[in-house]
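What follows is a single structure, written as structure tokens, with notes after it.
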Amino acid sequence: MSDLKIVKPIEILLVEDSPSDADFAVESFADSQVFNNLHLVEDGVEAMSFLKQEGLYVDAPRPDVILLDLNLPKKSGLEVLAEINSDPLLRTIPVVIMTISSADAEILKAYSLSVSCYITKPVDLTHVNKVVRLIEDVWRPIMTEEISRQVSKNRTDPDFLKKSGI
């Protein structure tokens with residue numbers, strides 16, 4: 100059995116109730132240059148169940164980033180953000196608000212709840228791709244550093260070739 104580690108994908112939680120907006124995001128992340136797992140939930144209650152690994156989501160991974168709409172059924176995006184911010188285990192996850200709302204009050208409220216970024220929701224695939232590229236730009240150096248660290252570590256391992264199956 101190999102001791103080589105595979106770089107894990109970025110775990111992305113998309114909280115979006117609009118099927119067309121979700122489709123844009125799914126398509127964009129599928130074409131992304133960064134290895135990712137995109138998880139889609141459709142409302143605020145479902146988002147919190149995913150994050151707290153409850154019910155259907157007992158085996159859900161901890162997301163590396165959350166893309167959150169504000170206008171959600173059952174529990175609003177701001178309510179979800181407030182819950183995330185109040186939980187010491189969740190508050191370290193970067194949250195990007197992607198919403199149609201450009202209301203100053205909502206923007207200020209989101210930043211008061213420690214949102215990482217507030218983006219007025221893209222209306223087409225080109226704009227969604229820009230958001231994906233932003234995430235790629237943030238994560239690529241992290242993933243490159245992790246790969247380099249693993250390669251360097253493995254180069255010093257005398258059994259590297261045997262473990263790699265070469």
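Counting from 1, position 118 in the sequence shown corresponds to residue 217 in the working numbering; the numbering is continuous, with no gaps.
For glycine and all other residues, C-beta sits at the position ideal for the given N, C-alpha and C.
Between the alpha carbons of residue i and residue j, how many angstroms are there, rounded?
i, j, result
"alanine 121", "phenylalanine 134", "19 Å"
"methionine 242", "valine 194", "Its pLDDT being 48, under 50, methionine 242 is placed unreliably in this model, and the coordinates cannot settle the point."
"serine 131", "leucine 137", "11 Å"
"leucine 139", "leucine 180", "17 Å"
"proline 187", "valine 164", "16 Å"
The alpha helix (DSSP H) with residue i in it runs from where to where?
i, result
"valine 179", "176 to 185"
"alanine 121", "118 to 129"
"glycine 143", "143 to 150"
Can you name the residues that DSSP bridges to residue i?
i, result
"valine 164", "Ile111"
"asparagine 170", "Note: asparagine 170 sits in no beta bridge, so no partner."
Answer with buried or exposed for residue i, where buried requires no fewer than 16 other C-beta atoms within 10 angstroms of its C-beta.
i, result
"proline 162", "buried"
"tyrosine 210", "exposed"
"leucine 169", "buried"
"leucine 286", "For residue 286 there is no data in the structure shown, the boundaries of the chain being 100 and 265."
Counting only the same chain and skipping the five closest in sequence on each side, list residues whose C-beta sits under 8 Å from that of residue i.
i, result
"methionine 154", "Reading the sequence as shown, one finds glycine at residue 154 and not methionine. Once the five neighbours on either side are set aside, the close Cβ partners of glycine 154 are Ser148."
The beta strand (DSSP E) that contains residue i, what's its start and end?
i, result
"isoleucine 206", "Run containing isoleucine 206: none in the beta strand (DSSP E); it sits in the alpha helix (DSSP H), 203 to 211."
"valine 194", "194 to 198"
"leucine 137", "135 to 140"
"threonine 219", "216 to 219"
Excluding sequence positions up to five away, which residues of its chain have a Cβ less than 6 Å from the Cβ of residue i?
i, result
"leucine 166", "Leu113, Val195, Met197"
"leucine 171", "Asp116, Asp142, Gly143"
"tyrosine 156", "Ser148, Phe149"
Using C-beta distances below 7 Å, list every residue in its chain close to residue i, excluding the 5 sequence neighbours before and after it, in chain order.
i, result
"serine 215", "Pro193, Val194, Val195"
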